[in-house]
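Take a look at the structure set out below.
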Amino acid sequence: MTKIKWLFISSIIVLLLAMPLLAACPAEETTTPATTAPPPKTTAPPPVQKTLSIGGCFALTGAYAEDMAAVLAGFEDYAAYVNETHKLAPWRTETFPEDITVEVLWRDDELNVEKVLSIYEELKDKGLLVERTSGSPQALALMNLLDEDRIGATSSAVGPYLLSPPKTIFIQYPVYTDATAAIADWFLDNWEETRAPRVAYLTADNAMGKSVVIPEMDTYLESIGFEVVGTQYVPLVPTSPPTTQLLWLKENKVDLALGVMINPGAQPTVKEMVRLDMGPNLGYKITFGTASPGHLWILAKAMGELGNGYVCAGSYNPPEDLTVPGVKFCSDLQDSYRSDRVTHIMYQHGVVEAMIQVEALRLAMLKVPIDELAPVDVLEYGFYMIKNLETGGITSTPLSFGPGDVIGMDEVLVQQVQGGEAVALGTWPLHNIYKQE
Amino acid sequence: MGLPSGTFNQGYAQDMAIFRTRTQWVMLFAFLILLFACPLFFGDRILTVLTIIGISIISVHGLNILTGYCNQISMGHAGFMAVGAYTSALLTAKLDFSFWAALPCAALAAGIVGIIFGLPSLRVKGFYLIMATVAAHFIIIWVILQLYGVTGGADGMAVPRPEIGGFVFKSKASYFYLVMAIACLGTFFAKNIVRTRAGRAFIAIRDNELAAEVMGVNLWTYKLQAFFIGCVYAGVAGSLLVHYVAFATTDQFPFMNSVWYLGMLIVGGMGSTMGVIFGAVSLKLLDELVTVVGPILAAAVSPQAASSLGLIMRGLVILLFLIFEPRGLAHRWQMVKSYYRLWPFSH
Amino acid sequence: MTFFLQLMVSGFALGMVYTLIAIGFVIILKCSKAFNIAQGHFVMIGGYLGFTFLVTFHLPVWASLLAAVAVAIIMGLLIERLTLRPMVGQPVLAVIMMTIALSVVLEGLATLVWGGEYKTYHGVLPTITLKVGELSIPPETLIGVIVSIIVVIILMLFFRYTRSGLAMMATAEDEQVVQSAGIKVTTVYALSWVIACIVGVIGGIILGGVSGVMIPLANVGMKAFAVVLLGGVNSIGGAIVAGIMLGVLENVAAGYLDPLLPGGGLANVFPFVVMIIVLIFRPHGLFGLVEIERI
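These protein sequence lines are chains A, B and C, in that order. Under our numbering, the first residue of the first sequence carries the number 1, and numbering increases by one thereafter. Under our numbering, the first residue of the second sequence carries the number 438, and numbering increases by one thereafter. Under our numbering, the first residue of the third sequence carries the number 785, and numbering increases by one thereafter.
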């Protein structure tokens, strides 16, 4: 016992000594590239290889772990693609400077705000000229800091808080309120009865889910002819089927349920709906629609015919649909740079986010030489200058940003599960429902 | 505790002194000077880490008084921090209070909420009290989310930075000074609170509640006092945290933070002011280590291994400390000190 | 009226699952005086084990159950020997922190092994559809109810009629007397952890079939604590009654009060409100023993 004890104590002492060393001199370990990409050809003598970093905070631990791992894979593969071909995408003619290597710099923030703060400073110190946030907690924490430091960022969390007022986080799919409003528009276009349709919110019980339940949303829904009934919350990850909530919808004769959910919430909800004979094609007619993190394709794959009628706005295309150039590009990227395929749909998101960051850096370099490049240049000459960035159909429309315009698109793709498959219904315009102060 | 050989206490004042010898005074001042010179040597990154460590130290001091000295185990400390945070956020953002007026109000509000949720402690202890404080955390967060009109609910609210005579604590260095100054004051008070009548009563309650009551310690007042003091510290820490981020959300106070604060106490050593500092510093540095090692491990092994690393490491550190070093780093520090003093004669 | 009855029925079904989880907790507490915060994590691991055996290995349901129970036994033995044995005789906080550290490590291991992904196995478990008039009972939860009842009956028989069961009851009564009667207390401790693990894993497989598995599934343990406190920490019967009560109350409260509140989400805090009320007014719960303290 005493032997173990001393072993333990000495290991702690070693650890304690090692910790400040490792934490304090992070500069050394930049030599270990964090990418799985083939090593950059730094040995070639004449052109001096310079590196530019993309990336930021990824919450690889926590509720969004699975999604973020796929996003990170997208980042890494896209960086590898740019380094090898010096092209930006197969459908684009512009090239990326040959003497610059793109590397992915990332840290796992575990969805913890305190960790995000120190990671943010660390990455800034290391010369990361852009940033990304993975979930609402980080986005909320970094929003003001990013704005003060004038650093442009991409994000996979798209709450309405990003718009009040618009800061420097740029997003590639609409905020949840606009996405759900698009579903309401679609629903109304197909509404045949004469009475006013009744709508209720059925949404996740967290910041993301609650972000659609705002007075402005009520006003909009009422203005286009809906009758707003009320709200029901489902835990982000429910441990029992949301029978109570669904019965409440039935009791209140709701025709359309809107919300934001992630798959662990949406799948049991849809399943329970079918069991209670609720659905667009079932005994009790109701349509259930959610904004993008519901990822229609995942639901369709997991639930098959059971998921028929579920609507989702802002979701990406199915990874098998190789007729879409962007999807084909993602598939090719995986073939070239990845041994075990990432099947998660957020891989596409990662590729597009990396594309935006690289494009911002490229545009900024047209104005400012790489050695003098500062984050503010990347923001002002990069992000703000991105106009009609073609993503090969991964996002609903090409992306355009500008000062005060942080949402990249004006339309959103609405999809529905039909016959166990994700089917596109078309695109609907965004209404910018959330008031921009 | 042992004094260097040849030093004898010759009066009450000397007996009670925390810093007894000249060397101790010199070391104290050297430490303070080094601490406050940090911004000269370090970049924003290290200063951020140090600032967050400072905030944790303030918070854990409160928990130490409550749990380490009075044995009223609280697992809702992050919730009490949220009370302080939102009080000061609302006062400064909505009612235009200055930070300096809002900070005491935040402390007071957290203290009062602490007393309310401390009421069950009069009837229950141990696990039951833990559950009561866990419930406190979730109820507090729920209430904050309910008050959408005031707190901005899940969307959070913007908070102004502290200001004094036109000078805004915006840079990392200035905020570092603010936090460290309060952390030093907090440490000073924490060390002395436990030496007062109340502090001795806390210790009596910790060691044996019934015996303490028989001796004439009023459990009712002293337990609630412990809750009040502990939560006042939490309120100050919470307020400092939101003013640092300049934004308040409930996500800044996740339930697991309460657990890690207790973990800091375990690692540092319960019922020791020094232990609080050791614990907060070592667990936060462990966090940093995990963050830095993560990407390297992901490249070498797999991203999954990297993302589980943080959890497993922290869990194991607490687990191993509980088994092999239940009295924490502070105890080990004492042993090292006495070993140094007595060397080469080990007794 | 149908709405109300339906709330009651789904509340009852939900309550039975809570009960199942709470029982594991009570058994450990009774025998070894340890408060096991990691009980919810056993449930989460159980859900993942269910996924692995049912979907990855395509085993039939009975074989998956047996395999999961086997893993649970090994897990229980390892956990008891490595982490809880050194904690015998330590203060309450140390033991609780140990189980918390354990829960964090289990979470890390789940991330390591299963990637923390959301896994589902809808429609793999057998279902029974039962409709009484307008009321319909969720099929998976019905399975849950049946399994819970079976497990509870088995446990009750075990405690009443088998040697080891009696030894466990005796240990709960007085450790020192039991030791002098020649019963090895450490074996009893190990047994209690094994049973808790088995119960948790079975609960996890049921829940996994209902809503899928993800790391936050472990939070269900939190609700089980409310059940335990309401029922009285050392009463299995209390856990059953309290589980059902809480399940029903939670559902009814969410059904009627949620639409009235702007922020909603009452179902999630409801157990905690119950917890506080119980702790203030009846700390030993409905059926628990009042502890008498001596100096």
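Beta carbons: idealized from backbone N, C-alpha and C, even for Gly.
Could you pull out every residue in the same chain whose Cβ sits closer than 8 Å to the Cβ of residue i, ignoring the five residues on either side in sequence?
i	result
A:Cys25	Because A:Cys25 carries a pLDDT of 43, less than 50, the predicted location of this residue cannot be relied on, and no value is offered for it.
A:Gly426	Trp186, Leu413 and Val414
C:Val969	Thr955, Glu959, Val962 and Gln963
B:Val561	Ala569
A:Ala23	In this prediction, A:Ala23 has a pLDDT of 47, which is less than 50 and means its spatial position is unreliable; nothing more can be read from the coordinates.
C:Val845	Leu838, Val908, Leu909 and Pro910
A:Val71	Phe58, Ser134, Ser156, Met346, Tyr347, His349, Gly350 and Glu353
A:Phe96	Val82, His86, Lys87, Leu88, Val102, Val358 and Arg362
C:Gly1072	Gly1015, Gly1016, Val1017, Asn1018, Ser1019 and Gly1022
B:Tyr565	Pro557
B:Gly765	Leu702, Ile703, Val704, Gly705, Gly706, Met707, Ser709, Gly712, Phe715, Gly716 and Phe758
Rank the options by C-alpha distance to the C-alpha of residue i and give the top, closest one.
i	options	result
A:Ala84	A:Glu103, A:Arg107 and A:Gly402	At residue 84 of chain A the sequence reads Glu, which differs from the Ala that was named. It is A:Glu103 whose Cα lies nearest to the Cα of A:Glu84.
B:Phe479	A:His86, A:Asp125, A:Thr61 and A:Gly402	A:Asp125
A:Lys391	A:Lys115, A:Ala153 and A:Tyr173	Just to set this straight, residue 391 of chain A is Thr in the shown sequence, not Lys. A:Thr391 has its Cα closest to that of A:Tyr173, out of A:Lys115, A:Ala153 and A:Tyr173.
A:Tyr161	A:Ala181, A:Gln138 and A:Gly152	A:Gln138
C:Ser932	C:Gly808, C:Pro1067 and C:Val972	C:Gly808
B:Phe664	B:Tyr506, B:Asn446, B:Gly448 and B:Ile489	B:Tyr506
A:Tyr220	A:Leu236, A:Thr203, A:Pro238 and A:Leu188	A:Leu188
A:Phe58	A:Leu111, A:Asp377, A:Pro90 and A:Ile214	A:Leu111
A:Leu423	A:Ala300, A:Gly209, A:Gly265 and A:Thr397	Here residue 423 of chain A is Val; the residue named in the question, Leu, does not match the sequence. Among A:Ala300, A:Gly209, A:Gly265 and A:Thr397, the Cα nearest to that of A:Val423 is on A:Ala300.
B:Ser744	A:Ser53, A:Asp109 and A:Met217	A:Asp109
B:Phe692	B:Ala572, B:Arg643, B:Arg632 and B:Leu726	B:Ala572
A:Pro241	A:Leu249, A:Gln267 and A:Ala257	A:Gln267
B:Gly503	B:Gly491, B:Ala546, B:Asn446 and B:Ser558	As written in the sequence, residue 503 of chain B is Leu, which differs from the Gly given in the question. Considering only alpha carbons, the answer is B:Ser558.
B:Met518	B:Leu757, B:Glu725 and B:Gly672	B:Gly672
B:Ala736	A:Arg92, A:Thr61, A:Leu52 and A:Trp106	A:Trp106
A:Ala181	A:Gly289, A:Val130, A:Asp147 and A:Lys167	A:Gly289
B:Ser695	B:Gly513, B:Ala742, B:Val679 and B:Pro441	B:Gly513
B:Leu554	C:His825, C:Ala1002, C:Gly984 and C:Phe1056	A small fix is needed here, since residue 554 of chain B is Phe in this sequence, not Leu. Considering only alpha carbons, the answer is C:Phe1056.
B:Ile630	B:Trp579, B:Gly516, B:Ile666 and B:Thr529	B:Ile666
C:Ile938	C:Leu890, C:Val983 and C:Lys814	C:Val983
C:Val876	B:Thr529, B:Ser535 and B:Gly563	B:Gly563
Would you verify that the beta carbon of residue i is, or is not, closer than 8 Å to some beta carbon of chain D?
i	result
B:Ala572	Looking at the structure shown, chain D is missing, and the protein chains on hand are A, B and C.
Taking 7 Å as the limit between beta carbons, can you name the residues of its chain near residue i, skipping five residues before and five after?
i	result
B:Ala635	Tyr659 and Gln662
A:Val352	Gln172, Thr391, Ile394 and Thr395
C:Phe943	Gly949, Met952 and Met953
A:Ala200	Val229, Gly230, Thr231, Gln232, Leu249, Asn252, Val254 and Ala257
Should residue i be counted as a contact of the ligand MG given a C-beta to heavy atom distance under 7 Å?
i	result
B:Leu532	The model on display carries no ligand, and the ligand MG is accordingly not part of it.
Excluding the 5 residues flanking residue i on each side, which residues of the same chain have their C-beta closer than 6 Å to its C-beta?
i	result
C:Val879	Ala818 and Met871
C:Thr883	Asn820, Ile821 and Ala822
B:Glu646	none
A:Ser211	Gly159, Pro160 and Tyr176
Report task. Taking 8 Å as the threshold, find out whether the region 305-314 of chain A comes into contact with the region 328-337 of chain A through three or more Cβ pairs. Result -> no
Query - Contacting positions in the region 737-753 of chain B - beta carbon closer than 7 Å to chain A - result: Answer in chain order: Pro740, Ala743, Ser744, Gly747 and Leu748.
Report task. Could you pull out every unbroken alpha helix (DSSP H) segment of at least 4 residues lying fully inside the region 151-194 of chain A, listed in chain order? Result -> Segments of the alpha helix (DSSP H) lying fully in the region 151-194 of chain A: 176-189.
Query raised in the report: Touch check for the region 49-66 of chain A and the region 898-907 of chain C: three-plus C-beta pairs under 8 Å?
Result: yes
**Report entry** At least 3 beta-carbon pairs within less than 8 Å: the region 458-465 of chain B vs the region 580-595 of chain B
**Finding:** no
Requested in this report: With a floor of 4 residues, list each alpha helix (DSSP H) that falls wholly inside the region 971-1023 of chain C, ordered by position along the chain.
Outcome: 1004-1015
Query raised in the report: Okay, do the region 860-877 of chain C and the region 1015-1031 of chain C touch, 3+ Cβ pairs below 8 Å being the bar?
Result: no
Query - At least three beta-carbon pairs within less than 8 Å, the region 707-716 of chain B to the region 71-91 of chain A - result: no
Query raised in the report: Which residues, taken in chain order from the region 131-163 of chain A, show a beta carbon closer than 9 Å to some beta carbon of chain B?
Result: Gly135, Ser136, Pro137, Gln138, Leu140, Ala141, Leu142, Met143, Asn144, Leu145, Glu148, Gly159, Pro160 and Tyr161
Query raised in the report: Quick check: the region 845-857 of chain C against the region 605-613 of chain B, are there 3 or more CB pairs under 8 Å?
Result: The answer is no - the region 605-613 of chain B does not touch the region 845-857 of chain C, with fewer than three Cβ pairs under 8 Å.
Query raised in the report: Any chance the region 225-244 of chain A sits against the region 985-1003 of chain C, with 3 or more Cβ pairs inside 8 Å?
Result: yes
**Report entry** Selection of the region 695-706 of chain B by Cβ proximity to chain C, strictly under 8 Å
**Finding:** Val696, Leu699, Gly700 and Ile703
Requested in this report: Anything in the region 580-597 of chain B with a Cβ closer than 7 Å to a Cβ of chain A? List those residues in chain order, please.
Outcome: Cβ contacts with chain A: Gly590, Ala591, Asp592, Gly593 and Ala595.
Requested in this report: Output, in sequence order along the chain, the residues in the region 813-830 of chain C whose CB is closer than 8 Å to any CB in chain A.
Outcome: none
Query raised in the report: Is the region 473-488 of chain B touching the region 639-657 of chain B in the sense that three or more CB pairs, one from each, lie closer than 8 Å?
Result: no
Requested in this report: Pair every Cβ in the region 698-705 of chain B with every Cβ in the region 495-502 of chain B, then say whether three or more of these pairs are closer than 8 Å.
Outcome: yes
**Report entry** Under 7 Å (Cβ pairs) to chain B, residues found in the region 994-1014 of chain C
**Finding:** Phe1009 and Leu1013
Query raised in the report: In the region 456-484 of chain B, which residues sit with their C-beta less than 9 Å from some C-beta in chain A, listed in chain order?
Result: Cβ contacts with chain A come from Phe479, Gly480, Asp481, Arg482, Ile483 and Leu484.
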